[in-house]
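Here the structure is laid out as C-alpha cells; the discussion comes afterwards.
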Amino acid sequence: MPVASNPPRAPGATPLFNRLCLLGVGLIGSSIARVARARGDLARTVVAHAKTGATLDRVRELGIADVVEEDPERAVQGCDGVIFCVPVGAYAGLMAQVAPHLMRGAIITDVGSTKGSVVRDLSPLLPEGVHLVPAHPMAGTEYSGPDAGFAELFQGRYVIITPLPDSDPAAIETVREFWRRAGSMIETMDPATHDKVVAIVSHLPHLLAFTICSTADDLAEETKEAVLKFAASGFRDFTRIAASDPTMWRDVFLNNREALLEMLARFTEDAQALGRAVRWGEADYIEDRIRRGRKIRKGLIDRKQA
Ligand code: NAP
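Encoded structure:
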C-alpha cells in the first residue's frame with residue numbers, strides 16, 4: 020500500500036544509468052522498475068529479466084519496463100547498471116551466466132537480504148573493470164511477484180550499502196544517489212555487521228513467525244478452529260510475517276546461517292529466562308521485559324520506522 024509520494028524529480032537531472040538491467044522483477048525488482056518510471060532520472064532504459072515466462076508476460080502487461088528479456092545474457096548486454104533482485108540462493112548461478120556479458124565499467128549492485136553470501140557468490144566472478152557495490156533496502160512486505168511492487172516502497176526506508184574495501188568510490192556514490200533518488204536514507208556497513216543486524220531485526224522474527232504458525236498448525240483440529248477464530252490477538256501479526264515467500268526465506272536462512280543461529284541461541288536463553296520467571300512468579304522480572312518491549316516500540320515510532 021502506497022504510503023507517500025516519491026521526492027519530485029530534480030528538473031533536468033541526468034539519469035544515473037543509461038541502461039539498467041533488473042535481474043528479477045518480483046516485489047523489489049518491480050518496485051525499482053516503478054520508481055524508475057515514476058521519476059525518470061534513475062535510468063533512461065529499464066531492462067527486466069525473470070525466470071519464468073509467466074512473470075515476463077505479466078511485466079509486459081503491466082508496462083513497467085522498457086525491454087523484457089527472457090535470456091539473462093542478452094538482458095545485461097550494454098547495461099551500465101545491473102541490479103540482482105532474485106532470491107540470494109540464485110545469485111551464484113545467475114552471475115556465472117551473465118558475468119562474461121557484463122559491460123566494462125558497469126556497476127553491479129543488488130537488493131539481497133544477506134550480504135556476506137552476496138560478496139562470496141558475486142565477487143569471485145566479477146570481470147576486470149566491473150564494479151560491485153552490494154546493497155539491501157530495508158523495505159518490504161509479505162507479498163511477492165511483479166504485481167506486489169509499488170513505487171513508494173523505498174520512501175523513508177533505510178538502504179544499507181556494504182561496499183568492499185576495494186570498491187570504486189564513484190560506483191559507491193552512484194549507488195548511494197540511486198537510493199537517495201528512490202526516497203531512501205543510506206547507511207554504510209561491512210557485510211558481517213549487516214548480517215548480524217538483520218539476523219536480529221528481520222531473520223529471527225521471521226523464523227519465530229514460521230515456527231509459531233507451524234506449532235499452531237500441529238495442534239488438534241478443534242484447537243486450530245479456535246486459533247483461527249481468535250487470531251485477532253497477537254497471533255495475527257505473526258501470520259502476516261509468516262505469509263512471506265518460501266523460496267526467498269529459505270535462501271535467507273541458508274545464507275545467513277551463522278548470524279541467525281547465534282541470535283536464535285541468545286533468544287532461546289532469554290525466552291527460557293522469561294519462562295523461568297513465569298514459573299517462579301517473578302513479577303518484577305516479567306514486568307521489566309514487557310517494559311523493554313514497549314520502549315523499543317516507542318523508539319521505532321519516534322524514528323518513523325514503525
Ligand atoms: P519475489 O517477489 O519472489 O521475486 C523474485 C524474482 O526473482 C522473480 O521475478 C523471479 O522470477 C526471479 N528469479 C528467481 N530465481 C531466478 C533465477 N534463477 N533467474 C532469474 N530470475 C529469477 O522476491 P522479492 O521479495 O522481490 O525478493 C528479491 C530479493 O530482494 C531477495 O534477494 C530478497 O532477499 C530481497 N529483499 C526482499 C525483501 C522482501 O520483503 N520481500 C526486502 C528486502 C530485500 P519468476 O517470478 O519468473 O520466478
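Note that the working numbering has the sequence shown beginning at 20, numbered continuously upward. Backbone N, C-alpha and C define an ideal beta-carbon position, used for all residues, glycine too. Fair warning: this is a prediction, and the values are worked out from it, not measured in the lab.
**Request:** Figure out for me which residue from L41, S49, R53 has the closest Cα to the Cα of P165.
**Result:** Here the question's residue 165 lines up with position 146 in the sequence shown. Selected option, being the one with the closest Cα: S49.
**Request:** Examine the ligand NAP and report whether any of its heavy atoms sits within less than 7 Å of the Cβ of A167.
**Result:** Sequence index remark: in the sequence shown, residue 167 carries index 148 (1-based). Yes - the ligand NAP has a heavy atom lying nearer than 7 Å to the Cβ of A167.
**Asked** Taking 8 Å as the CB-CB cut-off, is V66 touching chain E?
**Response** Among the chains in the structure shown there is no chain E, since it carries only a single protein chain.
**Prompt:** Do you know whose CA, among H222, Q116, P156, lies nearest L145's CA?
**Reply:** In the sequence shown, residue 145 corresponds to position 126, counting from 1. Checked all of H222, Q116, P156; the closest Cα to L145 is Q116.
**Request:** Taking only the alpha-carbon atoms, compute the straight-line gap between W268 and S163 and give it to the nearest angstrom.
**Result:** Reading the sequence shown from its first residue, position 249 is the one you call residue 268. Reading the sequence shown from its first residue, position 144 is the one you call residue 163. Spanning the two alpha carbons is a distance of roughly 12 Å.
**Asked** Out of curiosity, what's the CA-to-CA distance linking S186 and D321?
**Response** Residue 186 sits at position 167 when you count from the first residue of the sequence shown. Residue 321 sits at position 302 when you count from the first residue of the sequence shown. One Cα belongs to S186, the other to D321, and the distance between them is close to 34 Å.
**Prompt:** Just to check, is the beta-carbon of S203 closer than 7 Å to a non-hydrogen atom of the ligand NAP?
**Reply:** As a working mapping, residue 203 is identified with position 184 in the sequence shown. False, no ligand heavy atom lies under 7 Å from that Cβ.
**Request:** Output the distance between the C-alpha atoms of R316 and R308, rounded to the nearest integer angstrom.
**Result:** Position 297 of the sequence shown, counted from the first residue, corresponds to residue 316. Position 289 of the sequence shown, counted from the first residue, corresponds to residue 308. Distance between the alpha carbons of R316 and R308: 13 Å.
**Cβ pair H155, V130 closer than 8 Å** = Along the sequence shown, one-based indexing puts residue 155 at 136. Along the sequence shown, one-based indexing puts residue 130 at 111. It is a contact, given that the beta carbons lie within the stated cut-off.
**Request:** Give the range of the alpha helix (DSSP H) segment to which L227 is assigned.
**Result:** Numbered from 1 along the sequence shown, position 208 holds the residue referred to as residue 227. Per DSSP, L227 belongs to the alpha helix (DSSP H) from 223-237.
**Message:** Bridge partners for G100 per DSSP, in chain order?
**Reply:** Position 81 of the sequence shown, counted from the first residue, corresponds to residue 100. According to DSSP, G100 bridges with L39, I126.
**Asked** Just to check, is the beta-carbon of T258 closer than 7 Å to a non-hydrogen atom of the ligand NAP?
**Response** What you label residue 258 is simply residue 239 of the sequence shown in a count that begins at 1. No.
**Prompt:** Would a C-beta distance cut-off of 8 Å place P182 and T207 closer than the cut-off?
**Reply:** The residue given as residue 182 occupies position 163 in the sequence shown. The residue given as residue 207 occupies position 188 in the sequence shown. When the beta-carbon positions are compared, P182 and T207 come within less than 8 Å of each other.
**Asked** Among C98, H225, L141, A62, which has the Cα closest to the Cα of G112?
**Response** Residue 112 sits at position 93 when you count from the first residue of the sequence shown. Distance from the Cα of G112 is smallest, within the candidate group C98, H225, L141, A62, for L141.
**Prompt:** Measuring CB to CB, does L39 end up less than 8 Å from C98?
**Reply:** Counting from one through the sequence shown, the residue named residue 39 turns up at place 20. Counting from one through the sequence shown, the residue named residue 98 turns up at place 79. Yes, the pair counts as a contact, with Cβ atoms nearer than the cut-off.
**Asked** Less than 7 Å between the CB of A109 and some heavy atom of the ligand NAP, yes or no?
**Response** Counting from one through the sequence shown, the residue named residue 109 turns up at place 90. The answer is yes for A109.
**Request:** Report yes or no: do the segment 78-96 and the segment 165-180 share at least 3 C-beta pairs separated by less than 8 Å?
**Result:** Here the segment 78-96 makes contact with the segment 165-180; the two share three or more CB pairs at distances below 8 Å.
**Request:** Leaving out five residues on either side along the sequence, give the residues of the same chain with a beta carbon under 8 Å from the beta carbon of V22.
**Result:** Position 3 of the sequence shown, counted from the start, is the residue given in the question as residue 22. Reliability of the predicted coordinates at V22 is poor, the pLDDT of 42 falling under 50, and the value obtained from them is presented with this limitation in mind. Residues of the same chain with a CB within less than 8 Å of the CB of V22, apart from the 5 flanking positions on each side, are E171, Q174, G175 in chain order.
**Request:** Please confirm whether G148 and F103 have their CB atoms less than 8 Å apart.
**Result:** Here residue 148 refers to the residue found at position 129 of the sequence shown. Here residue 103 refers to the residue found at position 84 of the sequence shown. Between G148 and F103, the gap from beta carbon to beta carbon reaches 8 Å or more.
**Prompt:** Whose C-alpha, out of T212, A218, V178, S263, is nearest the C-alpha of M157?
**Reply:** Start at 1 with the first residue of the sequence shown, and residue 157 comes out as number 138. When only C-alpha atoms are compared, the closest one is V178.
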